[in-house]
Each structure stands twice: as C-alpha cells, then as structure tokens.
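J.: Just so you know, the protein sequences line up as chains P and L, in that order. Be aware that the first sequence starts at 2, since it is given in the numbering used here, and climbs by one per residue. Be aware that the second sequence starts at 112, since it is given in the numbering used here, and climbs by one per residue. After the structure tokens below, expect a handful of questions from me.
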Amino acid sequence: MKFVAVSSCPTGIAHTYMAAEALEQAGLAAGHEVVVETQGAAGSTPIDPAVIAAADGVIFAADLEVQGKERFAGKPTIDVGVKKAVHDAPGVLAAAVEAVKAGVATGAASTAAATPAYAATRQVGTGTRIRQYLMTGVSYMIPFVAAGGILIALGFLLASVAWAENGAIEVTAVDQAVLWTAFEWGNLQHWSVLLFQIGAIAFGFLVPALSAYIAFAIADRPGIVPGFVGGSIAGLVGAGFLGGIATGFLAGYLAHWLSTRKVPKGVRGVMPVVVTPLVATLITGALTILVIGPPMKAINDGLSSWLNGLGDTALIPLGIIVGLMMCFDLGGPVNKVAYVFATTGLANAAGDVGSTEARVMAAVMAAGMVPPLAIALATAVRPMLFSEAERESGKSAWLLGASFISEGAIPFAAADPLRMLPSFMAGGAVTGGLVMAVGSGVLAPHGGIWVTPLIGQPVLFLAALLAGMVVSTVAVVVTKGIGRNPNAAALEQAESLEAMTGAR
Amino acid sequence: MSTIPLITPELVALDIVAADRDGATRQLIDLLAAAGRVTDADGFHADVRAREAQMATGMPGGIGLPHARSEHVAVPSLAVGRVPAGVDFGAPDGPATLVFLIAAPASGDAAHLKILAALARRLVHESFRTSILLAPDADTVADIITREVNPS
Numbered sequence: 002m003k004f005v006a007v008s009s010c011p012t013g014i015a016h017t018y019m020a021a022e023a024l025e026q027a028g029l030a031a032g033h034e035v036v037v038e039t040q041g042a043a044g045s046t047p048i049d050p051a052v053i054a055a056a057d058g059v060i061f062a063a064d065l066e067v068q069g070k071e072r073f074a075g076k077p078t079i080d081v082g083v084k085k086a087v088h089d090a091p092g093v094l095a096a097a098v099e100a101v102k103a104g105v106a107t108g109a110a111s112t113a114a115a116t117p118a119y120a121a122t123r124q125v126g127t128g129t130r131i132r133q134y135l136m137t138g139v140s141y142m143i144p145f146v147a148a149g150g151i152l153i154a155l156g157f158l159l160a161s162v163a164w165a166e167n168g169a170i171e172v173t174a175v176d177q178a179v180l181w182t183a184f185e186w187g188n189l190q191h192w193s194v195l196l197f198q199i200g201a202i203a204f205g206f207l208v209p210a211l212s213a214y215i216a217f218a219i220a221d222r223p224g225i226v227p228g229f230v231g232g233s234i235a236g237l238v239g240a241g242f243l244g245g246i247a248t249g250f251l252a253g254y255l256a257h258w259l260s261t262r263k264v265p266k267g268v269r270g271v272m273p274v275v276v277t278p279l280v281a282t283l284i285t286g287a288l289t290i291l292v293i294g295p296p297m298k299a300i301n302d303g304l305s306s307w308l309n310g311l312g313d314t315a316l317i318p319l320g321i322i323v324g325l326m327m328c329f330d331l332g333g334p335v336n337k338v339a340y341v342f343a344t345t346g347l348a349n350a351a352g353d354v355g356s357t358e359a360r361v362m363a364a365v366m367a368a369g370m371v372p373p374l375a376i377a378l379a380t381a382v383r384p385m386l387f388s389e390a391e392r393e394s395g396k397s398a399w400l401l402g403a404s405f406i407s408e409g410a411i412p413f414a415a416a417d418p419l420r421m422l423p424s425f426m427a428g429g430a431v432t433g434g435l436v437m438a439v440g441s442g443v444l445a446p447h448g449g450i451w452v453t454p455l456i457g458q459p460v461l462f463l464a465a466l467l468a469g470m471v472v473s474t475v476a477v478v479v480t481k482g483i484g485r486n487p488n489a490a491a492l493e494q495a496e497s498l499e500a501m502t503g504a505r
Numbered sequence: 112m113s114t115i116p117l118i119t120p121e122l123v124a125l126d127i128v129a130a131d132r133d134g135a136t137r138q139l140i141d142l143l144a145a146a147g148r149v150t151d152a153d154g155f156h157a158d159v160r161a162r163e164a165q166m167a168t169g170m171p172g173g174i175g176l177p178h179a180r181s182e183h184v185a186v187p188s189l190a191v192g193r194v195p196a197g198v199d200f201g202a203p204d205g206p207a208t209l210v211f212l213i214a215a216p217a218s219g220d221a222a223h224l225k226i227l228a229a230l231a232r233r234l235v236h237e238s239f240r241t242s243i244l245l246a247p248d249a250d251t252v253a254d255i256i257t258r259e260v261n262p263s
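Laid out in structure tokens, this is it:
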C-alpha cells in the first residue's frame with residue numbers, strides 16, 4: 002500500500018524527524034511506500050498532490066496542528082501523535098493498514114461518497130484557495146470568540162444578580178483596576194467584572210487572530226507576526242473584521258513572498274527571525290494605516306450603520322435570509338458566509354446582547370440548529386419513513402442539533418437533497434425571521450441550547466426555534482411521501498447508508 | 112553551511128555516573144558550556160527541563176534525547192554521553208545507556224536545522240546507536256557522528 006504521513010513535535014528539531022525516519026524504515030521493512038512531510042523547525046516541503054492522490058491512507062504523527070490538513074481529506078486516516086510513531090512505527094503502520102482495509106471493507110459506497118469531497122479540495126483554483134485561507138482564519142478565531150463571548154455573557158448574567166438593577170450596564174462601567182488593587186473574594190460584583198474583563202480581552206483577539214491565522218494559512222509561521230500586528234492595527238483604525246481579513250491576506254502574501262526570496266548566505270540566517278517579520282510587519286502596518294484603513298473603515302461603518310439602521314421590519318427579512326443560507330448547504334460555503342457574517346459581526350456588538358449584530362448571531366445560531374433537530378423529530382414521529390440506519394442517526398441528531406452542529410443533518414440531506422434541503426430551508430427561514438422578530442440576541446458564536454441562559458429573551462428564542470423545527474419536520478414528512486415507491490425506498494436506504502459511512 | 116562541526120571529541124563523555132536524567136543532562140550541558148557553545152548553562156538547562164517536562168524524551172533501545180531550542184545556545188551542537196549504569200529517561204522499556212543532548216539556537220538558520228534533522232533521522236537506526244555504544248574512544252564517537260550525519 003501507499004501512505005502519506007505528516008510528523009511534527011513541539012520543538013521541531015528531534016521527534017519530527019525521528020518519526021519520519023521510523024515510519025519510512027517501517028514502510029521499507031513491511032513493503033509499503035511511505036512518504037512523510039516533516040513539519041519541523043527546518044521548514045517543510047509539501048508532499049506532491051499527485052503522491053497524496055495516489056496514497057491509500059494517511060498517518061498523522063503530529064503533536065501540533067497539521068498544516069494543510071484539508072489536502073488529505075477523504076482518505077482513511079489515523080492520528081497517533083509523534084511519540085507513538087517514534088516508539089512503535091511498525092505498529093502505527095499496521096494500524097494504518099487496518100484503517101485502509103476497514104475503509105475498503107465498507108464497500109465502493111464509501112469511496113463513492115468520499116471522492117466528491119476530496120476532488121473538491123484538490124481543485125486548487127484561486128477562489129477555493131482563498132476560501133480555505135479564510136476558513137483557516139475563521140476556525141482559529143472561533144475559540145477566541147467562544148471563550149470571550151461566553152465569559153462576557155456569564156459576566157453579564159452574574160452582574161444582573163450582583164447589582165439591584167441595570168447590572169449589565171454597571172459591570173462595564175467598573176474600573177478594571179479594582180480587580181488587582183481591591184478585589185474582594187465575597188463580592189459578586191467584583192466576580193462579574195472579573196468574568197467580563199477576561200471575556201472582553203479574549204474577545205479583543207477576534208480581529209487580530211482572524212488576520213494572523215489567515216496569514217498563517219498562506220505563509221506558515223512567518224505570516225503570524227505581520228498578521229497579528231496588521232489585525233491589531235485594523236482594530237485600531239476601526240476597520241473591523243473586514244480590515245482584519247484584508248490585513249491577513251496582505252501579511253500572508255507578503256511574508257510568503259519574502260520568505261521565498263533567494264538571499265545571500267550571510268543574510269539567510271537572520272531572514273526568518275529578523276528580516277521577514279520586520280519588513281512584512283512594517284509594510285503591512287503602514288499599508289493598513291495609510292491605504293487600507295480609511296476605505297475599510299468606511300465599508301465597515303456603512304455595514305454597521307446599515308444593520309443598525311434597519312428597523313424591526315427590515316431585520317425580519319434579514320433573519321429569513323440568513324436562516325435560508327444556514328440551511329442551504331449545512332456547513333458548505335453558503336452556510337459559512339452567513340456564519341462568518343454573524344461571528345465576525347460580533348466585533349461590532351460592543352458586548353451588547355441587544356445589538357443588531359448579536360441578534361443576527363442569534364438568528365444564525367437558531368436557524369443552524371433547525372435541520373438536525375427537525376430530522377430527529379421526524380425520525381421519532383414517522384419512523385416508517387426512514388431506514389434503520391437513518392433512525393439511529395436521527396437519535397444522535399437531537400444532541401447535534403441542540404449543540405448547533407448543522408452537519409448532523411448531512412447524512413439525510415446527502416441521501417435525498419431535493420426533498421430535505423428545501424424542507425430545512427423552510428424551517429430555517431421561519432426560525433431566522435422569528436428570532437429577529439422577538440429580538441433575541443447572543444454574544445456566543447456557538448453553543449446552541451447550552452447557552453440559552455445567556456440569550457436575550459430565552460423563552461421566545463426557544464419558541465422560535467421550536468416553530469422552525471416543526472415547520473421543517475412537517476415539510477420533511479410531507480415531501481418524503483411525494484413520488485415514493487418501494488424501489489425508491491430501497492434505493493434511498495442504500496444511499497443514506499453510503500452517505501453516513503462516507504461522512505465518518 | 113556551517114564550518115563549525117556539530118560535535119567534537121570534547122563533547123563526548125564515555126563514562127557518566129548520574130543519579131537521574133537531570134544530573135546526566137547537566138554533565139553534558141557543562142561540556143557544551145566549557146566549549147563555549149552554550150552561553151548560560153543554567154538558562155539552557157531550564158529550557159531543556161521545560162522540554163523534557165512536556166514529554167519525556169526516552170526512546171526504546173536505551174536512548175535519552177534531551178533537547179531544546181534556546182537563546183542560550185551559540186552554536187548548534189550535540190553532546191553525547193554513555194551511561195554504563197543507565198539512567199531513567201522515561202522510556203517504556205527501561206533506563207537509557209546512551210544520552211544525546213541536542214542544543215539548537217533559538218534562531219537557527221535552515222542549514223543548521225537541517226543538520227539536526229539529519230541527526231534525528233540517524234538516531235532511529237539501531238546500527239548507528241550500536242556503533243556509538245561500541246566506539247573505543249571519544250574521537251571515534253565524534254568521527255562516526257560527523258561522518259554519518261549528512262543533511263540531504
């Protein structure tokens with residue numbers, strides 16, 4: 002068999018390379034071809050995409066996040082950590098062989114289902130690459146937003162208890178210096194300020210982290226410094242998340258260009274530590290302040306004031322639109338546009354649960370919860386319409402839906418897109434519109450039902466969610482009954498099995 | 112390419128006696144410091160300890176591999192110690208009798224890092240380790256390593 006592997010370790014000078022050598026040697030001994038990409042301190046050379054395409058399986062012997070993981074999507078993969086590969090490379094290789102056999106054993110179905118996703122990542126058109134860079138930035142940014150947003154919300158929650166009235170406003174007015182000069186352990190107000198301030202600081206990394214990790218996706222480590230600095234400056238000049246996206250791409254391409262220059266031997270040693278970060282940061286910073294800043298600020302201000310200027314009557318259509326988008330492709334590009342719009346918009350929410358941005362976030366989150374919940378309900382009330390495997394999948398969809406993981410509905414949508422997706426979108430539109438109508442807002446970008454206590458108007462929020470869920474469920478049940486015959490039912494059962502094995 | 116070799120006979124200790132991995136590591140660090148390759152022995156030792164605390168560097172086959180990238184390292188270096196009585200480096204199969212201390216500068220350039228990468232790759236080979244265990248003197252150890260470690 003043919004394998005591709007990625008190795009990395011915290012220091013990047015020893016285990017990365019020992020693991021690579023051990024895997025290659027184990028491959029020679031066992032008669033397998035193993036090609037390893039060492040993501041260590043000496044820099045890494047990406048494996049030829051043709052080699053990846055020809056590989057039967059993938060081994061991640063990595064203690065750090067694998068760079069360019071999407072290149073390996075759709076292949077049977079084992080993830081073992083670097084130490085295991087150094088200590089027992091033959092065992093790791095044997096496990097990889099097993100994984101490949103297991104992948105093959107589920108039949109041509111799994112290969113068929115996996116291939117389209119893989120083919121999509123291999124077409125590295127400029128548009129696809131830019132979307133991948135953007136999504137890398139977003140995926141690194143979300144934990145900051147999650148930690149910060151939830152801490153802020155918890156701070157508000159505690160503040161509403163700690164102060165007699167207007168706690169959520171009082172907590173923002175307290176001088177944070179009280180925390181390290183006069184903190185009282187029994188004082189609830191101080192605790193709420195503590196939560197709020199930590200959350201606010203974590204939240205403040207939203208734009209810098211977005212920018213830094215877009216640059217990181219483009220240029221690897223050299224992109225991080227100019228990306229972070231550019232993102233911070235984007236925040237400083239008021240360019241918001243749009244500015245952060247621009248500085249991320251600018252810093253990334255600049256750092257990439259600089260780090261691939263041929264330079265004299267004497268200078269080479271100081272390139273990665275001094276010259277590349279210095280020059281890339283200077284140029285990114287200057288361009289951000291002088292060139293990108295002003296128009297970005299205008300766009301961002303325009304978007305914000307447009308959103309804020311929308312009355313309740315205009316917000317409802319917006320809720321419907323983001324609801325439709327969330328349910329259109331369940332984690333695909335259209336869904337991501339709505340989600341990124343909402344999460345990055347939180348930068349302008351200024352910690353206010355009643356702000357338009359927080360309400361957009363609430364609409365997006367609620368709409369994204371609809372498809373898996375509707376599927377779960379449909380399989381519970383009309384089990385005969387679904388295959389055995391689908392009924393099982395429906396049970397786990399309760400938890401996935403409640404946690405705002407829209408992807409839980411993908412097995413069903415992939416098996417029967419023409420019936421499922423319009424049904425989901427109908428429910429998503431209802432929920433999105435209703436959440437806007439009742440005025441719920443949320444500062445947490447994720448969390449689903451578990452952050453309900455942090456949501457403005459929680460009961461009405463849940464009612465809006467429930468309404469969309471029922472609409473979707475009815476639509477699923479009705480459309481499932483249209484144009485069905487026994488053969489089609491059998492076919493669908495097979496298709497849904499394929500989709501589920503492929504999704505794993 | 113660096114003109115200073117990764118290892119010299121002065122950086123080889125054939126007969127280390129140490130109670131624990133910290134002691135063995137320290138003796139090798141002192142060799143590096145005496146050769147002027149490490150500017151601050153205590154500082155570098157702290158960096159090595161920090162790395163060791165993340166994940167023990169003991170490998171099957173009686174190998175200990177303390178290492179760190181550190182600002183206290185002037186020249187990328189390797190110090191080798193044989194510990195006849197063995198010293199625990201957290202490997203699953205017992206104590207280490209051969210300890211390699213890799214010292215990398217915090218800002219090593221690509222050429223240096225490639226040499227260290229090549230060294231790490233050689234360490235996986237049992238024949239390489241055996242030849243060092245059986246070498247008659249420090250000069251031979253340094254020769255073997257210099258000869259075998261060729262960055263590709």
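Quick reminder that beta carbons are idealized off the backbone N, C-alpha and C, glycines included. Given the structure is predicted, the values throughout are model-derived calculations rather than measurements.
Cβ atoms of P/Ser-424 and P/Ala-476: under 7 Å apart, would you say?
T.: yes
J.: Please state whether DSSP places L/Leu-176 in a helix, a strand or coil.
T.: coil
J.: The stretch 129-147 of chain L: which residues have C-beta closer than 9 Å to a C-beta of chain P, in chain order?
T.: Residues of the stretch 129-147 of chain L whose Cβ lies closer than 9 Å to any Cβ of chain P: none.
J.: For P/Ala-110 and P/Glu-22, what's the separation of their Cα atoms in angstroms?
T.: With a pLDDT of only 33 at P/Ala-110, under the threshold of 50, the placement of this residue in the model should not be trusted; the figure read from the coordinates follows. Rounded to whole angstroms, P/Ala-110 to P/Glu-22 spans 35 Å at the Cα level.
J.: Quick check: the Cα distance between P/Leu-94 and L/Val-260, rounded to an integer number of angstroms?
T.: 26 Å
J.: Ordered along the chain, which non-local residues of its own chain (more than five positions away) have a Cβ less than 6 Å from that of P/Ala-287?
T.: Contacts found: none.
J.: Can the beta-carbon of P/Ala-343 be found less than 7 Å from the beta-carbon of P/Val-365?
T.: Annotated as proximal: P/Ala-343 and P/Val-365, with beta-carbon spacing under 7 Å.
J.: Can the beta-carbon of P/Val-59 be found closer than 7 Å to that of P/Glu-38?
T.: no
J.: Any beta carbon from chain P within less than 7 Å of L/Leu-117's own beta carbon?
T.: no
J.: To the nearest angstrom, how far is the alpha carbon of P/Gly-187 from that of P/Ala-427?
T.: 50 Å
J.: When the distance is taken between beta carbons, is P/Ala-160 closer than 7 Å to P/Ser-193?
T.: Yes. Within cutoff.
J.: Over the uninterrupted alpha helix (DSSP H) stretch that includes P/Ala-287, give me the two end residues.
T.: 277-288
J.: Tell whether a beta-carbon distance below 7 Å holds between P/Gly-1 and P/Leu-196.
T.: Limits of chain P in this structure are 2 at one end and 505 at the other, which puts residue 1 of chain P out of reach.
J.: Determine the burial state of L/Leu-122: buried for a count of at least 16 other Cβ atoms within 10 Å of its Cβ, exposed for fewer.
T.: buried
J.: Is DSSP giving P/Lys-85 helix, strand or coil here?
T.: P/Lys-85: helix per DSSP, three-state reduction.
J.: Could you tell me the boundaries of the beta strand (DSSP E) in which P/Thr-78 lies?
T.: Taken as a continuous stretch (DSSP letters only), the beta strand (DSSP E) holding P/Thr-78 covers 78-80.
J.: Classify P/Ala-315 as helix, strand or coil using the three-state DSSP reduction.
T.: helix
J.: Determine the direct distance from the alpha carbon of P/Leu-374 to that of P/Ser-388, and round the result to whole angstroms.
T.: 18 Å
J.: Could you check how far apart the C-beta atoms of P/Ala-455 and P/Ala-445 are, in whole angstroms? I think they sit under 8 Å.
T.: Looking at the sequence itself, residue 455 of chain P is Leu, so the reference to Ala does not match. Rounded, the Cβ-Cβ distance is 6 Å, consistent with contact.
J.: Can you find a CB in chain L that lies within less than 7 Å of the CB of P/Gly-32?
T.: no
J.: Span of the alpha helix (DSSP H) holding P/Ser-407?
T.: DSSP places P/Ser-407 outside any alpha helix (DSSP H), giving it a letter other than H or E.
J.: Taking a contact to mean a Cβ-Cβ separation below 7 Å, would you say L/Phe-200 touches L/Gly-172 in this structure?
T.: no
J.: Going straight from the alpha carbon of P/Val-36 to that of P/Val-226, what length do you get?
T.: 31 Å
J.: Would you call P/Val-341 buried or exposed, if buried means 16 or more other Cβ atoms sit within 10 Å of its Cβ?
T.: buried
J.: Just checking: is the beta-carbon of L/His-178 within a distance shorter than 7 Å of some beta-carbon in chain P?
T.: yes
J.: For P/Gly-231, which residues from the same chain have a beta carbon less than 6 Å from its beta carbon, with the 5 sequence-adjacent residues on both sides left out?
T.: Ser-212, Thr-248, Ala-252, Thr-285 and Thr-289
J.: Is it true that the stretch 230-240 of chain L meets the stretch 156-166 of chain L, where meeting means three or more beta-carbon pairs spaced less than 8 Å apart?
T.: no
J.: Which value, in whole angstroms, describes the spacing of the CA atoms of P/Gln-124 and P/Leu-422?
T.: Bear in mind that the predicted position of P/Gln-124 carries a pLDDT of just 39, short of 50, making it too unreliable to give a figure here.
J.: Using C-beta distances below 7 Å, list every residue in its chain close to P/Met-19, excluding the 5 sequence neighbours before and after it, in chain order.
T.: Val-87
J.: Since P/Val-371 contacts P/Gly-429 with CB under 8 Å, what's their CB separation in whole angstroms?
T.: 5 Å
J.: Need the endpoints of the beta strand (DSSP E) that P/Ser-8 sits in, please.
T.: 3-9
J.: Strictly below 8 Å CB to CB, what residues from chain P border L/Arg-232?
T.: Tyr-18, Met-19, Ala-21 and Glu-22
J.: Rounded to the nearest angstrom, what separates P/Ile-199 and P/Ala-148 at their Cα positions?
T.: 9 Å
J.: Are the C-beta of P/Ile-14 and some C-beta of chain L separated by less than 7 Å?
T.: yes
J.: Measuring CA to CA, which of P/Leu-135, P/Ala-54, P/Ile-48 and P/Gly-13 is closest to L/Ala-214?
T.: P/Gly-13
J.: Within 7 Å (strictly less), CB to CB, does P/Val-354 reach chain L?
T.: no
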